[in-house]
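Going line by line, the protein sequences match chains Y and Z.
Numbering-wise (the working numbering), the first sequence opens with residue 1 and increments by one.
Numbering-wise (the working numbering), the second sequence opens with residue 1 and increments by one.
These notes are about the structure you will find just below.
Protein chains: 2
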Amino acid sequence: MKHESHALSDEKAVDIFKALSNQTRLGILHMLKDPETNFSAQAHVIKEEDFEGGVCVSDIHKKTGTSQSTTSQYLSILLQSGLVETKRIGQWTYYRRNEETIKQLEQYLQFKL
Amino acid sequence: MKHESHALSDEKAVDIFKALSNQTRLGILHMLKDPETNFSAQAHVIKEEDFEGGVCVSDIHKKTGTSQSTTSQYLSILLQSGLVETKRIGQWTYYRRNEETIKQLEQYLQFKL
DNA sequence: TCGATATATCGGTAATTAACGATATATGAT
DNA sequence: ATCATATATCGTTAATTACCGATATATCGA
Chain Y
1 MKHESHALSD
11 EKAVDIFKAL
21 SNQTRLGILH
31 MLKDPETNFS
41 AQAHVIKEED
51 FEGGVCVSDI
61 HKKTGTSQST
71 TSQYLSILLQ
81 SGLVETKRIG
91 QWTYYRRNEE
101 TIKQLEQYLQ
111 FKL
Chain Z
1 MKHESHALSD
11 EKAVDIFKAL
21 SNQTRLGILH
31 MLKDPETNFS
41 AQAHVIKEED
51 FEGGVCVSDI
61 HKKTGTSQST
71 TSQYLSILLQ
81 SGLVETKRIG
91 QWTYYRRNEE
101 TIKQLEQYLQ
111 FKL
């Protein structure tokens with residue numbers, strides 16, 4: 001049985017809006033929407049490891065035009081807001097969109113904003 | 001003939017997210033969703049003046065818990081982002097939600113984010 | 001065990017935002 | 001013309017955010 005997604009609080013929504021208030025972070029979210037086309041074939045997306053759509057930090061870093069540390073921090077901001085989720089596999093940390101939160105944000109806009 | 005609402009650019013979307021990244025400004029937008037219940041009956045919403053749903057700055061100020069100047073600035077931020085529209089009538093400046101922009105933001109979330 | 005690679009964290013400076021009180025400006029009433 | 005009310009703007013300080021380079025940590029391969 002799949003648990004229901006409960007509605008976002010205003011405080012949580014503000015956190016998400018803050019995370020989205022930056023061109024680079026918004027760009028990361030865009031790229032992660034279609035990893036196949038946005039990242040090179042040799043990107044370390046290991047299908048067997050059950051984290052489909054995940055992209056490692058260094059691949060994201062190459063695309064952002066910001067430093068490695070900034071990329072890492074931005075990913076952590078996106079993570080804390082719930083917009084992405086993460087999994088460590090070996091020496092890599094993969095990030096992918098959390099579509100559940102994104103759906104909740106859509107609902108917030110439609111019904112609560 | 002009604003002109004089409006064109007899609008938001010990423011830059012414009014970031015501006016809107018910035019405007020929404022603050023509890024007070026988000027609260028103003030919420031209040032303006034239902035002016036009848038959120039503002040006193042004697043609020044200066046003059047129907048003949050053709051700006052239905054508009055609420056004047058001082059009425060909004062009373063509800064926000066911030067100073068008059070902060071309220072005014074926050075309204076100006078919301079205005080610049082396009083989330084509200086404004087009309088001066090006599091000595092009052094009325095603000096109301098710009099549902100067109102809000103709809104565009106919903107579309108942005110659904111199709112571009 | 002020793003490097004090499006991947007990522008996170010720390011410590012910093014510059015820029016932006018939050019929020020205020022004081023003041024300027026615009027309008028309306030007397 | 002003068003005063004009162006409504007709103008905007010200015011000038012300020014504190015807090016937060018945008019980044020960075022340097023360094024710490026974790027994992028892999030030889």
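Here a beta-carbon is modelled for each residue, glycine too, at the ideal position from N, C-alpha and C.
Given the structure is predicted, the values throughout are model-derived calculations rather than measurements.
Among all the DSSP beta bridges, which residues are the ones paired with residue i?
i, result
"Y/V84", "Y/R97"
"Z/V55", "Z/Y95"
"Z/I102", "Z/I102 pairs with nothing; no bridge assigned."
"Y/I89", "Y/W92"
Applying the criterion that 16 or more other CB atoms from any shown protein chain within 10 Å of the CB defines a buried residue, is residue i buried or exposed?
i, result
"Y/D59", "buried"
"Y/Q73", "exposed"
"Z/S81", "buried"
"Z/T70", "exposed"
"Z/Q23", "exposed"
"Z/R88", "exposed"
"Y/A115", "Chain Y is shown only over 1 to 113; residue 115 of chain Y falls outside these bounds and no answer can be derived."
"Y/F111", "exposed"
"Y/G54", "buried"
"Y/Q91", "exposed"
"Y/T101", "buried"
"Z/Q104", "buried"
Which bits of chain Y does residue i rub up against, with CB to CB less than 8 Å?
i, result
"Z/V14", "L20, S21, N22, Q23, L26"
Which residues in chain Z have a C-beta closer than 7 Å to the C-beta of residue i? List them in chain order.
i, result
"Y/I110", "One detail in the question is off: residue 110 of chain Y reads as Gln in this sequence, not Ile. Result: E106."
"Y/I102", "L113"
For residue i, go through chain Y and note every residue whose CB falls closer than 9 Å to its CB, in chain order.
i, result
"Z/F17", "I16, F17, K18, A19, L20, S21, N22, L26"
"Z/D10", "Q23, L26, G27, H30"
Is residue i helix, strand or coil when you go by DSSP?
i, result
"Z/A13", "helix"
"Z/A7", "coil"
"Z/F114", "Chain Z is shown only over 1 to 113; residue 114 of chain Z falls outside these bounds and no answer can be derived."
"Y/S72", "helix"
"Y/T66", "coil"
"Y/K18", "helix"
"Y/K112", "helix"
"Y/L29", "helix"
Check whether the Cβ of residue i lies closer than 7 Å to any heavy atom of the ligand SAH, and answer yes or no.
i, result
"Z/T37", "Ligands displayed in this structure: none; no statement on the ligand SAH is therefore possible."
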